[in-house]
Amino acid sequence: MSGAHLRAPGLEAAGIAHGFGLRDSPPVPELVRPRQVHGRGVARVAAAGAAAGAADAVVTAAPGVAVGIATADCVPLLVAADAGRAVAAVHAGWRGLAAGVIGAALAELRASAGDDAALRAAIGPHIGPCCYEVDAPVLEALGRFGAELAGALSPSRPGHHRLDLGALALRDLRDAGVAHDAIETATACCTSCDAARFHSYRRDGARAGRLVHWIRASALPRG
Ligand SMILES: [Zn+2]
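Residue numbers in the sequence shown follow the working numbering, run continuously in steps of one, and reach 227 at the last position.
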C-alpha cells in the first residue's frame, strides 16, 4: 500500500474521490488548502487554483475541485453532500472543536448544497485517548460539550485526563444533523500509536511532518 491514501469505505461506496493521508502518500495535484489557524473559519472555494486564505475548514461545490487540510494528531473530517455535489475538509483539534469549526463547516456545506442534501462524513486518523493527555485549561475551553465532555474523558494522573477528541467530533457531526449511519469512524486510528503510517506532533514534536487529507467535488455539473 506504499504511496496510497486511506479510504473511508462509505465515501468510497458513494463514489466520492477522497483520501486520508499517510506518511508516504503522494501529493494530490491542484489541491486547494487553507492556511490553518486552529479557529472556526470556513473557506469557500469557487474554482481550482483559488486561494483559500486563513481557515480550518474548506468547502467547494465546484465540479472536480479537490479541497484538503493537513494534520499531525488533530481530527481530520471529510464530508460530502449528496454524491459529492459539495464537499468539505475540516481540521479539528481541541481549539477548533472548542470554537465550533465542525458546525461552521457543515453550515457552509449545506449553504452550498441545499438544506435537503444528505450528508456523509468520515472521521480520519487522529491522536487517540490512549496517547492524548490534557489538563484543566483545555477542558475549560471545551466546556460547551457539557456531559459529553465528561464521557470523553478518563483520569490519568492528578490534574490530567485522557481525552477522546473523536468522540467530540462525532457529537458535533450529529448536532449538525448528519445521520448516525452516515458517519464513518473506520479510519479513525491513533496517529501517535502507529508510527509506521502516521505523523504525530505529540510523538515527534516540532519536527513532525503533516498528513494531508482531501476530498473532491463530483465532476458532474449541478442539476
Ligand atoms: Zn495511541
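Backbone N, C-alpha and C fix where the C-beta goes; we use that ideal spot for every residue, glycine too. Note that this is a predicted model, so its numbers are computed, not measured.
With fewer than 16 other Cβ atoms inside 10 Å of its own Cβ, residue 139 counts as exposed. Within the same chain, 223 come within 6 Å of residue 68 by CB-CB distance, once the 5 residues on both sides are set aside.
Exposed is the label assigned to residue 134, since fewer than 16 other Cβ atoms lie within 10 Å of its Cβ.
In this structure residue 60 is buried. Its beta-carbon is surrounded by 16 or more other beta-carbon atoms within 10 angstroms. The C-beta distance from residue 92 to residue 63 rounds to 5 Å, short enough to meet the 8 Å contact threshold.
With a contact defined as Cβ atoms closer than 8 Å, residue 131 and residue 77 qualify at about 4 Å. Annotated three-state conformation of residue 48 is strand, per DSSP.
Ligand 1 never approaches residue 43 closely enough for any of its heavy atoms to be under 7 Å from the residue's Cβ.
For residue 100, the CB stays at least 7 Å from every heavy atom of ligand 1. A check of alpha carbon separations from residue 123 across 184, 74 and 143 identifies 184 as the nearest. A Cβ-Cβ contact shorter than 8 Å links residue 101 with residue 169.
If you check the CB distance, residue 34 and residue 70 come in under 8 Å. Between ligand 1 and the CB of residue 194, the shortest heavy atom gap is smaller than 7 Å. Put simply, the backbone Cα of residue 163 is about 10 Å away from that of residue 141. Between the C-alpha atoms of residue 38 and residue 74 there is a straight-line separation of about 9 Å. The alpha-carbon separation between residue 204 and residue 115 amounts to approximately 34 Å. Using a cutoff of 7 Å, the CB of residue 78 does not count as near ligand 1, since none of the ligand's heavy atoms is closer than that.
With the rule of 3 Cβ pairs closer than 8 Å, the segment 48-60 does not count as touching the segment 194-210. Beta-bridge analysis with DSSP links residue 96 to 79. Comparing C-alpha distances from residue 218 to each of 31, 174 and 149 shows the shortest one belongs to 31. The shortest C-alpha to C-alpha distance from residue 175 to any of 150, 206 and 145 is the one to 150. Sorting 145, 166 and 154 by C-alpha distance to the C-alpha of residue 137 places 166 at the top.
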